[in-house]
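Residue numbers (numbering that gives the first Met the number 0): 0 to 452.
All remarks here apply to the structure that follows.
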Amino acid sequence: MPVAVNNPVKLRVAIIGAGLGGLIFALLMQKHAPDTVEVDIYESAHELAEIGAGVAMWPRIWEIVRYLGLEDELLEISGAGRLGALPMVFTKSDEPTAVDVTTLPPGLYPFHRANLQKLFARHLRAYDRIQYAKRLTSYTEPASDRDPMVLKFKDGTQATCDVLVGCDGIKSAVRRTMYTDLANEVEARGELEEAARLRALNDPFWSGTVAYRGLVPTSELEEDVLKVARIPHIVMGKHKNVVFYPISGGEIINVVAFVDTQGARGTRYEGPWVTTATTEEVEQQFSGWDTITHTLIKSMVTPTLWSVHTVGHLPTYVKGRAILLGDAAHAMTPHQGSGAGQAIEDGLVLASLLAHDSVTLETLPQALNIYDTIRRPFSQNVQRGSDEAGSMYHLHELGWDKVSVGESAAGSYSKDMIDVLGKGLEEKLDWVMRGDFMETRVKAMGMLESTSA
Ligand SMILES: Cc1cc2nc3c(=O)[nH]c(=O)nc-3n(C[C@H](O)[C@H](O)[C@H](O)COP(=O)(O)OP(=O)(O)OC[C@H]3O[C@@H](n4cnc5c(N)ncnc54)[C@H](O)[C@@H]3O)c2cc1C
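Written as structure tokens, this is what we have:
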């Protein structure tokens, strides 16, 4: 629908998905263009339904939530409470006594996902405009640049927008439509191999890793375990690692136990992506690990088993007026704790561009091209880095590949290798501690101004 002459609204944006990525993008849109960009959010669930698990933010992401003015409220619900950021301790724990590897300085802000999602949604002026039970099935691009895009939902209804932002997660329907269209276009030119490659990018692939996730109420833990569990840890061992940190004001410990199957990356995962697990099953996987890890695993309430899938590196995040953001664009392994953070960084760049005075329906292609140019290489590098970090946690790198499961458990390795691992981890995770979001924003604005000059 063309915008009326006196209406200050220059663009109507539809966000598909009210996960952490979609909500933060909407908040950033609200901050940058409160009057000139209208936002509608379509969510397939019947209500906000983030899972009962933890999610953490590093300093570079914390800078963005501070910029949104949410710092005080977030500290109220963080795992550390008003203490603010927590350090991250790395140990090698696949032996009876954990071995210290390294510690990153205080920088981690851990949360319960559902608390975070509700808090973000509460700040949305357009909260009442989240339309629930709206599962996008596909969209169509208009033949003319001035006509709206048409969104089709599973319930048979339709909606329109000027710009479509797919924040609909790893199984994104926006990505499916975009990549099916791209594949059809190259197929029509006779490029059959390229068409098959593009079509294959619709489907996430298995990383070869599964994650057992569970929460432990701190009331269940003895003081000696609690003292350790209140400090975020990544405990590592051959082919496996466990992450734990406090959430919900320190009342709960979030525990995630990863098991990697070597050579399974890219193979088909047999079974449901998420299912229930038994405590015995998880305990068995980590038998022989140090006492604290073992106690936490034993105390997980109703653990669930998740297969960790990722999205292949896409050749574009943009087609026409449709854009991919967050897991829809770059679902990654969780080993740098950065998937949600990357969605937030996408949101910052995209919101800054769309809000700029020079961006209208006519100039939109330049703005979206800048989003793709800035965000795609960066986020894909983070995807790669997350796999590499996982490989380090599972003792596959830095000479550790030559140490067998038995040798690792028996402590039969050169002690210098612990230092090498520690230094490697510090280098790998250095980027998460540094916040350069204003620099990225300025770069995006500069690119926009030079194209519109
Ligand atoms: C074990 C584990 C631990 C992790 N830990 C961290 C961490 O500590 N820090 C971090 O930054 N990241 C972490 N991540 C990654 C992080 O969870 C994701 O990257 C992030 O949640 C992605 O957000 P999103 O909004 O892009 O997608 P999602 O959270 O998947 O949200 C997608 C939304 O879209 C909706 N939707 C889906 N399809 C449709 C449709 N067709 N129509 C309408 N709505 C739809 C869904 O219901 C959902 O609400 C972790 C991941 C895992 C698996």
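For every residue, glycine included, the Cβ atom is placed at its ideal position computed from N, Cα and C.
Distance between residue 13 and residue 390, taken at the CA atoms: about 38 Å.
A straight-line Cα-Cα distance of about 12 Å links residue 103 and residue 90. Distance from the Cα of residue 235 is smallest, within the candidate group 404, 273, 38, 169, for 404. Across the structure, residue 349 and residue 107 are spaced so that their CA atoms are roughly 25 Å apart. For the 8 Å CB-CB criterion, residue 206 and residue 112 do not form a contact. For the pair of segments examined, the region 315-323 was found to touch the region 137-146: the number of CB pairs separated by less than 8 Å reaches three. One Cα belongs to residue 28, the other to residue 241, and the distance between them is close to 36 Å. Distance from the CA of residue 153 to the CA of residue 135, rounded to the nearest whole angstrom, comes to 6 Å. CA-CA distance, residue 137 to residue 297, rounds to 44 Å.
Short of 8 Å from the beta carbon of residue 423, and not among the five residues preceding or following it, lie these beta carbons of its own chain, in chain order: 391, 396, 397. Residue 31: not part of any beta strand (DSSP E); member of the alpha helix (DSSP H) spanning 19-31, first to last residue. Between the alpha carbons of residue 346 and residue 161 lies a distance of about 17 Å. Ranked by how close their Cα comes to the Cα of residue 439, the residues 176, 219, 377 have 377 in first place.
Between residue 227 and the set 244, 312, 239, 238, the nearest pair of CA atoms involves 244. Remark: fewer than three beta-carbon pairs, one from each stretch, lie closer than 8 Å, so the region 41-48 and the region 407-426 are not flagged as touching. The beta carbon of residue 333 sits closer than 6 Å to no other beta carbon from its chain once the five residues preceding and following it are set aside. Runs of alpha helix (DSSP H) with 4 or more residues, each lying fully within the region 271-309, are found at 278-284, 290-297, listed in chain order. For the alpha helix (DSSP H) assignment, the uninterrupted runs of no fewer than 4 residues enclosed by the region 110-174 are, from N- to C-terminal side, 112-121. With a cut-off of 7 Å, the C-beta of residue 160 is classified as distant from ligand 1, since no heavy atom of the ligand falls inside that distance. In this structure, DSSP gives residue 91 an extended state, which the three-state scheme calls strand. Assigned with DSSP and collapsed to three states, residue 313 falls in coil, not helix or strand.
Setting aside the 5 residues that flank it on each side, residue 327 is surrounded in the same chain by 165, 166, 167, 168, 171, 173, 174, each with a C-beta closer than 7 Å to its C-beta; the list follows chain order. Assigned with DSSP and collapsed to three states, residue 42 falls in coil, not helix or strand. For residue 366, DSSP assigns no beta-bridge partner whatsoever. Here residue 247 is buried: its Cβ has 16 or more other Cβ atoms, across all protein chains shown, within 10 Å.
In chain order, 14, 164, 166, 324, 346, 349, 350 place their CB closer than 7 Å to the CB of residue 24, counting only its own chain and leaving out the 5 sequence neighbours on each side. In this structure, the C-beta of residue 38 stays at least 7 Å away from each heavy atom of ligand 1. In the DSSP assignment, the residues bridged to residue 205 are 308.
Counted as a single uninterrupted DSSP element, the alpha helix (DSSP H) harbouring residue 60 occupies residues 58-66. Annotation for residue 358: no alpha helix (DSSP H) segment contains it, and DSSP assigns it neither H nor E. In this structure, the beta-carbon distance from residue 316 to residue 386 does not fall below 8 Å. Beta-bridge pairing by DSSP links residue 258 to 209, 239. Remark: the C-beta of residue 206 is outside contact range of ligand 1, defined as less than 7 Å to any heavy atom. Within the DSSP secondary-structure output, residue 102 pairs in a beta bridge with 88. The straight-line gap separating the alpha-carbon atoms of residue 225 and residue 300 is approximately 16 Å. The beta carbon of residue 284 sits closer than 6 Å to the beta carbons of 258 from its chain, once the five residues preceding and following it are set aside; these are given in chain order.
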